[in-house]
(Lines of atoms letter the chains of each structure in order from A and count residues from 1; the text may use other names and numbers.)
(Lines give C-alpha, C1' and ligand atoms only; values in the text may rest on other atoms or scores of the structure.)
Protein backbone atom coordinates (compact mmCIF):
# COMPACT_ATOMS: atom_id res chain seq x y z
CA UNK A 1 0.00 0.00 0.00
CA UNK A 2 1.07 3.61 -0.44
CA UNK A 3 1.14 5.63 2.76
CA UNK A 4 1.34 9.38 3.17
CA UNK A 5 3.06 10.40 6.41
CA UNK A 6 2.51 14.05 7.34
CA UNK A 7 5.10 15.35 9.78
CA UNK A 8 7.61 12.77 8.58
CA UNK A 9 10.93 14.43 9.33
CA UNK A 10 11.27 13.60 13.03
CA UNK A 11 9.80 11.84 16.03
CA UNK A 12 6.87 9.49 15.50
CA UNK A 13 6.57 10.53 11.88
CA UNK A 14 10.14 9.52 11.07
CA UNK A 15 9.74 6.23 12.97
CA UNK A 16 6.56 5.58 10.99
CA UNK A 17 8.38 6.13 7.71
CA UNK A 18 11.13 3.76 8.79
CA UNK A 19 8.78 1.00 9.96
CA UNK A 20 6.42 1.28 6.98
CA UNK A 21 9.38 0.78 4.65
CA UNK A 22 10.44 -2.27 6.66
CA UNK A 23 6.95 -3.63 6.11
CA UNK A 24 7.36 -3.23 2.35
CA UNK A 25 5.06 -0.26 1.80
CA UNK A 26 5.56 2.67 -0.53
CA UNK A 27 5.88 5.81 1.57
CA UNK A 28 5.46 9.47 0.71
CA UNK A 29 7.16 11.43 3.50
CA UNK A 30 5.68 14.93 3.68
CA UNK A 31 7.32 17.67 5.73
CA UNK A 32 8.67 21.19 5.46
CA UNK A 33 12.16 19.70 5.74
CA UNK A 34 11.58 16.41 3.93
CA UNK A 35 14.93 16.72 2.19
CA UNK A 36 16.64 16.28 5.58
CA UNK A 37 15.17 12.83 6.18
CA UNK A 38 18.19 10.56 6.51
CA UNK A 39 16.63 7.47 4.97
CA UNK A 40 17.28 6.28 1.44
CA UNK A 41 14.97 3.68 -0.09
CA UNK A 42 13.56 3.09 -3.56
CA UNK A 43 10.06 2.99 -2.05
CA UNK A 44 10.47 6.34 -0.29
CA UNK A 45 9.38 9.63 -1.84
CA UNK A 46 10.43 12.73 0.08
CA UNK A 47 7.98 15.56 -0.57
CA UNK A 48 8.68 19.02 0.81
CA UNK A 49 5.55 20.97 1.61
CA UNK A 50 3.46 22.78 4.19
CA UNK A 51 0.60 20.98 5.93
CA UNK A 52 -1.24 24.31 6.08
CA UNK A 53 -1.08 24.85 2.31
CA UNK A 54 -4.07 23.31 0.49
CA UNK A 55 -2.17 22.96 -2.80
CA UNK A 56 0.73 21.15 -1.12
CA UNK A 57 -1.62 18.81 0.71
CA UNK A 58 -3.66 18.06 -2.42
CA UNK A 59 -0.47 17.14 -4.27
CA UNK A 60 0.68 14.93 -1.40
CA UNK A 61 -2.60 12.97 -1.44
CA UNK A 62 -2.40 11.86 -5.05
CA UNK A 63 -2.39 8.07 -5.32
CA UNK A 64 -2.18 7.22 -1.61
CA UNK A 65 -4.22 4.60 0.23
CA UNK A 66 -3.98 5.98 3.76
CA UNK A 67 -2.79 9.08 5.60
CA UNK A 68 -0.86 9.10 8.87
CA UNK A 69 -0.55 12.45 10.64
CA UNK A 70 2.22 12.88 13.22
CA UNK A 71 2.62 16.64 13.44
CA UNK A 72 4.47 18.13 16.38
CA UNK A 73 5.54 21.45 17.83
CA UNK A 74 9.06 22.45 18.97
CA UNK A 75 10.01 20.65 22.18
CA UNK A 76 11.24 23.84 23.84
CA UNK A 77 9.75 25.75 26.76
CA UNK A 78 8.79 28.55 24.38
CA UNK A 79 7.29 26.12 21.89
CA UNK A 80 5.30 24.32 24.55
CA UNK A 81 4.12 27.49 26.29
CA UNK A 82 2.89 29.29 23.18
CA UNK A 83 -0.69 29.01 22.07
CA UNK A 84 -0.88 26.97 18.87
CA UNK A 85 -3.49 26.21 16.26
CA UNK A 86 -1.21 24.00 14.14
CA UNK A 87 -3.13 20.80 14.77
CA UNK A 88 -6.60 22.15 14.06
CA UNK A 89 -5.44 24.31 11.15
CA UNK A 90 -3.71 21.36 9.46
CA UNK A 91 -6.77 19.19 10.02
CA UNK A 92 -9.00 21.89 8.55
CA UNK A 93 -6.91 21.71 5.37
CA UNK A 94 -6.55 17.93 5.30
CA UNK A 95 -10.14 16.73 5.75
CA UNK A 96 -11.67 18.34 2.64
CA UNK A 97 -8.54 17.50 0.65
CA UNK A 98 -8.92 13.83 1.54
CA UNK A 99 -12.59 13.92 0.58
CA UNK A 100 -11.72 15.49 -2.78
CA UNK A 101 -8.98 12.91 -3.40
CA UNK A 102 -11.19 9.97 -2.42
CA UNK A 103 -8.84 8.87 0.36
CA UNK A 104 -10.78 7.53 3.34
CA UNK A 105 -8.29 6.04 5.79
CA UNK A 106 -6.88 8.52 8.31
CA UNK A 107 -4.70 7.84 11.34
CA UNK A 108 -3.76 10.77 13.58
CA UNK A 109 -1.50 11.02 16.62
CA UNK A 110 -2.71 13.27 19.45
CA UNK A 111 -1.86 12.07 22.96
CA UNK A 112 -3.13 10.91 26.33
CA UNK A 113 -4.98 13.86 27.79
CA UNK A 114 -6.54 14.97 24.51
CA UNK A 115 -10.29 14.89 24.02
CA UNK A 116 -12.26 12.81 26.48
CA UNK A 117 -9.11 11.10 27.75
CA UNK A 118 -8.36 14.22 29.82
CA UNK A 119 -10.94 12.93 32.31
CA UNK A 120 -8.54 10.07 33.11
CA UNK A 121 -5.57 12.27 34.01
CA UNK A 122 -4.67 11.58 37.63
CA UNK A 123 -4.94 14.32 40.26
CA UNK A 124 -1.17 14.59 40.66
CA UNK A 125 -0.72 14.95 36.89
CA UNK A 126 -3.34 17.64 36.28
CA UNK A 127 -1.36 20.73 37.29
CA UNK A 128 1.88 19.89 35.44
CA UNK A 129 -0.13 18.72 32.44
CA UNK A 130 -2.06 21.97 32.24
CA UNK A 131 1.09 24.04 32.81
CA UNK A 132 3.30 22.28 30.26
CA UNK A 133 0.90 20.91 27.67
CA UNK A 134 -2.39 22.70 28.19
CA UNK A 135 -2.12 25.11 25.25
CA UNK A 136 -1.08 22.47 22.73
CA UNK A 137 -3.68 20.00 23.96
CA UNK A 138 -6.45 22.59 23.80
CA UNK A 139 -5.82 22.64 20.06
CA UNK A 140 -5.59 18.86 19.92
CA UNK A 141 -9.05 18.81 21.50
CA UNK A 142 -10.33 20.85 18.56
CA UNK A 143 -8.46 18.59 16.14
CA UNK A 144 -10.07 15.47 17.59
CA UNK A 145 -13.54 17.00 17.39
CA UNK A 146 -13.04 17.81 13.72
CA UNK A 147 -11.83 14.30 12.92
CA UNK A 148 -14.73 12.69 14.78
CA UNK A 149 -17.21 14.86 12.87
CA UNK A 150 -15.82 13.72 9.52
CA UNK A 151 -17.13 10.72 7.58
CA UNK A 152 -13.62 9.30 7.11
CA UNK A 153 -12.41 5.95 8.42
CA UNK A 154 -10.38 7.58 11.16
CA UNK A 155 -8.30 6.32 14.05
CA UNK A 156 -6.90 8.62 16.74
CA UNK A 157 -3.82 7.30 18.55
CA UNK A 158 -3.19 8.73 22.02
CA UNK A 159 0.27 7.72 23.22
CA UNK A 160 1.37 8.28 26.77
CA UNK A 161 4.78 9.71 27.67
CA UNK A 162 7.03 9.30 24.65
CA UNK A 163 10.51 7.79 24.80
CA UNK A 164 13.29 7.31 22.28
CA UNK A 165 13.99 3.73 23.30
CA UNK A 166 13.96 0.93 20.70
CA UNK A 167 10.44 -0.37 20.03
CA UNK A 168 9.38 -3.43 22.00
CA UNK A 169 6.28 -4.26 19.91
CA UNK A 170 4.81 -5.22 23.29
CA UNK A 171 2.49 -2.44 24.39
CA UNK A 172 -1.09 -1.97 25.49
CA UNK A 173 -3.84 -0.61 23.25
CA UNK A 174 -6.45 0.70 25.68
CA UNK A 175 -9.74 1.16 23.86
CA UNK A 176 -12.29 1.34 26.67
CA UNK A 177 -12.36 4.64 28.60
CA UNK A 178 -12.33 2.93 31.99
CA UNK A 179 -8.95 1.39 31.13
CA UNK A 180 -7.27 4.62 30.03
CA UNK A 181 -4.22 5.66 32.04
CA UNK A 182 -0.91 7.34 31.47
CA UNK A 183 2.33 5.46 30.96
CA UNK A 184 5.48 5.27 28.88
CA UNK A 185 5.77 4.21 25.26
CA UNK A 186 8.49 4.45 22.64
CA UNK A 187 7.97 6.43 19.48
CA UNK A 188 8.79 3.27 17.55
CA UNK A 189 5.93 1.41 19.19
CA UNK A 190 3.52 4.20 18.25
CA UNK A 191 4.74 3.84 14.67
CA UNK A 192 4.19 0.07 14.91
CA UNK A 193 0.57 0.64 15.94
CA UNK A 194 -0.08 3.18 13.18
CA UNK A 195 1.32 1.06 10.37
CA UNK A 196 -0.48 -2.12 11.43
CA UNK A 197 -3.77 -0.26 11.91
CA UNK A 198 -3.37 1.15 8.41
CA UNK A 199 -2.68 -2.33 7.06
CA UNK A 200 -5.53 -4.22 8.66
CA UNK A 201 -8.15 -1.50 9.08
CA UNK A 202 -8.38 -2.02 12.83
CA UNK A 203 -9.55 0.56 15.38
CA UNK A 204 -11.69 2.53 12.94
CA UNK A 205 -13.65 5.21 14.82
CA UNK A 206 -11.68 4.50 17.98
CA UNK A 207 -9.21 6.63 19.95
CA UNK A 208 -7.11 4.19 21.99
CA UNK A 209 -4.48 5.15 24.54
CA UNK A 210 -1.10 3.52 23.88
CA UNK A 211 1.27 2.66 26.72
CA UNK A 212 3.94 0.07 27.35
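Residue numbers (the working numbering): 38 to 249.
Note that beta-carbon positions come from the ideal geometry of N, C-alpha and C, so glycine has one too.
From a predicted model like this one, the values you see are computed outputs, not experimental measurements.
Item	Value
Same chain, Cβ closer than 6 angstroms to residue 198, five either side skipped, listed in chain order	221
N- and C-terminal bounds of the alpha helix (DSSP H) containing residue 91	91-98
Contact between the segment 84-102 and the segment 47-54 (3+ Cβ pairs under 8 angstroms)	no
Separation of residue 42 from residue 107, as counted between CA atoms	7 angstroms
Residue 175 to residue 158 span [Cα, whole Å]	15 angstroms
Contact set for residue 109: own chain, Cβ-Cβ below 8 angstroms, skip 5 residues either direction	44, 47, 48, 49 and 50
Beta-carbon proximity check, residue 181 vs residue 193, cutoff 9 angstroms	yes
Boundaries of the beta strand (DSSP E) in which residue 66 is found, first to last residue	63-68
Enclosing beta strand (DSSP E) for residue 111 [first to last residue]	That residue, residue 111, is in no beta strand (DSSP E); it is neither H nor E in DSSP.
Buried/exposed call for residue 139, threshold 16 Cβ in 10 Å	exposed
Residue span of the alpha helix (DSSP H) that contains residue 251, given as start and end	The requested residue 251 does not occur in the structure, where the chain is confined to residues 38 to 249.
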